[in-house]
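Chains as they are written, first to last, in our numbering: chain A, 1 to 112; chain B, 1001 to 1213. For glycine and all other residues, C-beta sits at the position ideal for the given N, C-alpha and C. Everything numeric in this text was worked out from a predicted model, so none of it was measured. Here is the structure we will look at, set down as structure tokens.
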């Protein structure tokens, strides 16, 4: 094995290990300005709490209708967040290590 | 006659014939001429010091000089220099040591920011200084106690407490600044329409806010 291929293998292993150990990430949006549903990808754009710049969070949704129940349930949450700007914080948990369904939870919290 | 005058002068000069006497106003057995405090019986001689404690908190700073004292230096002075850390504020008895802090709340509004350093303290850090930081930093304006959180606000043109349009992030407290609102779902934010105030304060169902064909 050449040193170059050893390096490539090490890099691949490191990438796999990194993906396998990636923890779910929590997001709390102060406001939301955009929400996109694509075929296998969903994204939401807005201002995270205690920040000043816009952030887009994207996650995979490779399920069919039967298995996309979580995304289906989250859609009215996202719409409420858009339509009642300032009323709620949008809390999201996304796990990038998941293969097909990366959203773990979605919810609203009164902003006060 | 002349002999009598000389004898009288001698008697008067000797104070009545009681012998020579050294002046000691405070009667501390140190002659006034040698007494650094001739009217204070507790102090009579100059003693050298190398540190002092002006605020009497038990913590000294290096300082040299002499002080009029009795047999020993007064408690505020010491004949040796400070061995460890000197008093960081010898004018304040409640502060004597430097303590590290990692967060501050300068406006004392209960919300702090990350800021590291050392501050002259007593047993504990003084008010407004913290050894543990808030995560994330809470106060977006630590110079104004009425503002501490970053929030999206919306312009409220008609003054009904609900704004509209695209929000902007601003440092606010309990409420947004005049002309803005923490809410941004006013369906009719028209200052020219006198009937518009109040309309948006009524909670509208999602279907009412959603354009329909």
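Segment contact flag, the stretch 1149-1156 of chain B with the stretch 1175-1184 of chain B, C-beta cutoff 8 Å, min 3 pairs: yes
Chain B contacts from the stretch 36-59 of chain A (Cβ-Cβ distance under 9 Å): 46, 47, 49, 50, 51, 52, 53
Local conformation of residue 1151 of chain B per DSSP, three classes: As a first step, residue 1151 of chain B must be located in the second chain, where it is residue number 151. Of the three classes helix, strand and coil, the one that applies to residue 1151 of chain B here is strand, per DSSP.
DSSP-derived helix/strand/coil call for residue 77 of chain A: Within the first chain, the letter at position 77 stands for residue 77 of chain A. Reduced to three states, the DSSP call for residue 77 of chain A is helix.
Extent of the continuous beta strand (DSSP E) to which residue 110 of chain A belongs: Position 110 of the first chain, counted from the first residue, corresponds to residue 110 of chain A. Residue 110 of chain A -> beta strand (DSSP E) spans 103-110.
Inter-residue Cα distance where the pair is residue 41 of chain A and residue 61 of chain A: By 1-based counting over the first chain, the position of residue 41 of chain A is 41. By 1-based counting over the first chain, the position of residue 61 of chain A is 61. Roughly 5 Å between the two C-alpha positions.
Residue 85 of chain A classed as buried or exposed, judged by whether at least 16 other C-beta atoms fall within 10 angstroms: Within the first chain, numbered from 1, the residue matching residue 85 of chain A stands at position 85. When all chains shown are included, residue 85 of chain A counts as buried.
Per DSSP, cross-strand counterpart(s) of residue 1027 of chain B: The residue given as residue 1027 of chain B occupies position 27 in the second chain. According to DSSP, which records beta bridges pairwise, residue 1027 of chain B is partnered with nothing at all.
CB contact below 9 Å: residue 83 of chain A versus chain B: The residue given as residue 83 of chain A occupies position 83 in the first chain. Yes, residue 83 of chain A counts as interfacial toward chain B.
Meets three-Cβ-pair contact criterion under 8 Å: the stretch 1103-1114 of chain B and the stretch 1069-1082 of chain B: no
Where residue 1182 of chain B falls: helix, strand or coil (DSSP): Position 182 of the second chain holds residue 1182 of chain B. If DSSP states are grouped into helix, strand and coil, residue 1182 of chain B belongs with coil.
Neighbour-count burial assignment, residue 1011 of chain B, 16 or more Cβ in a 10 Å radius: Here residue 1011 of chain B is taken as the residue at index 11 of the second chain, counted from 1. Model confidence at residue 1011 of chain B stands at a pLDDT of 42, short of 50, so the residue's coordinates are unreliable; what they give is reported in the following sentence. Exposed, because fewer than 16 other Cβ atoms sit within 10 Å of the Cβ of residue 1011 of chain B.
Spatial neighbours of residue 28 of chain A in its chain, beta-carbon cut-off 6 Å, leaving aside the 5 residues before and after: Counting from one through the first chain, the residue named residue 28 of chain A turns up at place 28. Excluding sequence neighbours, residue 28 of chain A sits near 49, 89, 91.
Short CB-CB distance (under 9 Å) between residue 1151 of chain B and chain A: Here residue 1151 of chain B corresponds to residue number 151 of the second chain, with the count starting at 1. At least one chain A Cβ lies under 9 Å of residue 1151 of chain B.
Three-way DSSP call (helix, strand, coil) for residue 83 of chain A in this model: In the first chain, the residue the question calls residue 83 of chain A occupies position 83. Reduced to three states, the DSSP call for residue 83 of chain A is helix.
Beta strand (DSSP E) runs wholly inside the stretch 1087-1143 of chain B, at least 3 long, in chain order: 1097-1104, 1113-1121
Per DSSP, the bridge partner or partners of residue 1067 of chain B: Along the second chain, one-based indexing puts residue 1067 of chain B at 67. According to DSSP, which records beta bridges pairwise, residue 1067 of chain B is partnered with B:1047.
Chain A contact residues for residue 1154 of chain B, given Cβ-Cβ distances below 7 Å: The residue labelled residue 1154 of chain B in the question sits at position 154 within the second chain. Under the 7 Å cutoff, chain A gives 85, 86.
Cβ-based neighbour list, residue 1066 of chain B, same chain, cut-off 6 Å, excluding 5 preceding and 5 following: Indexing the second chain from 1 puts residue 1066 of chain B at position 66. 1046, 1048, listed in sequence order.
Interface flag, residue 26 of chain A vs chain B, CB-CB below 9 Å: In the first chain, counting from the first residue as 1, residue 26 of chain A sits at position 26. With 9 Å as the cut-off, residue 26 of chain A does not count as an interface residue toward chain B.
Proximal residues of chain B, C-beta to C-beta of residue 61 of chain A below 7 Å: Counting from 1 along the first chain, the entry for residue 61 of chain A is found at position 61. Within chain B, no residue comes near residue 61 of chain A; the closest Cβ sits about 22 Å away, beyond 7 Å.
Closer than 9 Å to chain A by CB, residue 1125 of chain B: On the second chain, residue 1125 of chain B is found 125 positions in, with the first residue counted as 1. Chain A, which has no Cβ nearer than 9 Å to the Cβ of residue 1125 of chain B, makes this no.
Cβ pair residue 1152 of chain B, residue 105 of chain A closer than 9 Å: Locating residue 1152 of chain B in the second chain gives position 152, where the first residue counts as 1. Locating residue 105 of chain A in the first chain gives position 105, where the first residue counts as 1. It is not a contact, given that the beta carbons lie outside the stated cut-off.
Coarse secondary structure for residue 1011 of chain B, derived from DSSP in three states: One-based indexing of the second chain puts residue 1011 of chain B at position 11. For residue 1011 of chain B, the pLDDT reaches just 42, beneath the cut-off of 50, and the residue's location in the model is therefore unreliable, although a value from the coordinates is still provided. Reduced to three states, the DSSP call for residue 1011 of chain B is helix.
CB contact below 9 Å: residue 33 of chain A versus chain B: Looking up residue 33 of chain A in the first chain gives position 33. Yes - at least one Cβ of chain B is within 9 Å of the one on residue 33 of chain A.
Neighbour flag for residue 73 of chain A against chain B, beta carbons, 9 Å: Translated into the one-based positions of the first chain, residue 73 of chain A becomes position 73. False, the Cβ-Cβ gap to chain B never drops below 9 Å.
Given residue 1130 of chain B as reference, the closest of B:1136, B:1186, B:1093, B:1115 once Cα atoms are compared: As a working note, residue 1130 of chain B is residue 130 in the second chain. Residue 1130 of chain B has its Cα closest to that of B:1115, out of B:1136, B:1186, B:1093, B:1115.
C-beta contact flag for residue 149 of chain A and residue 93 of chain A at 9 Å: Limits of chain A in this structure are 1 at one end and 112 at the other, which puts residue 149 of chain A out of reach.
Cβ-Cβ distance between residue 1032 of chain B and residue 1024 of chain B below 9 Å: One-based indexing of the second chain puts residue 1032 of chain B at position 32. One-based indexing of the second chain puts residue 1024 of chain B at position 24. Closer than 9 Å, so yes.
Short Cβ contact (9 Å threshold) for residue 1060 of chain B with residue 1037 of chain B: If you number the second chain from 1, residue 1060 of chain B lands on position 60. If you number the second chain from 1, residue 1037 of chain B lands on position 37. No, they are not a contact pair.
The stretch 89-102 of chain A: positions lying closer than 9 Å to chain B by Cβ: none
DSSP three-state assignment for residue 1199 of chain B, whether helix, strand or coil: The residue labelled residue 1199 of chain B in the question sits at position 199 within the second chain. Confidence at residue 1199 of chain B is low in this model, with a pLDDT of 48, below 50, so the placement of that residue should be treated as unreliable; the coordinate-derived value is given next. Residue 1199 of chain B falls in the coil class under three-state DSSP.
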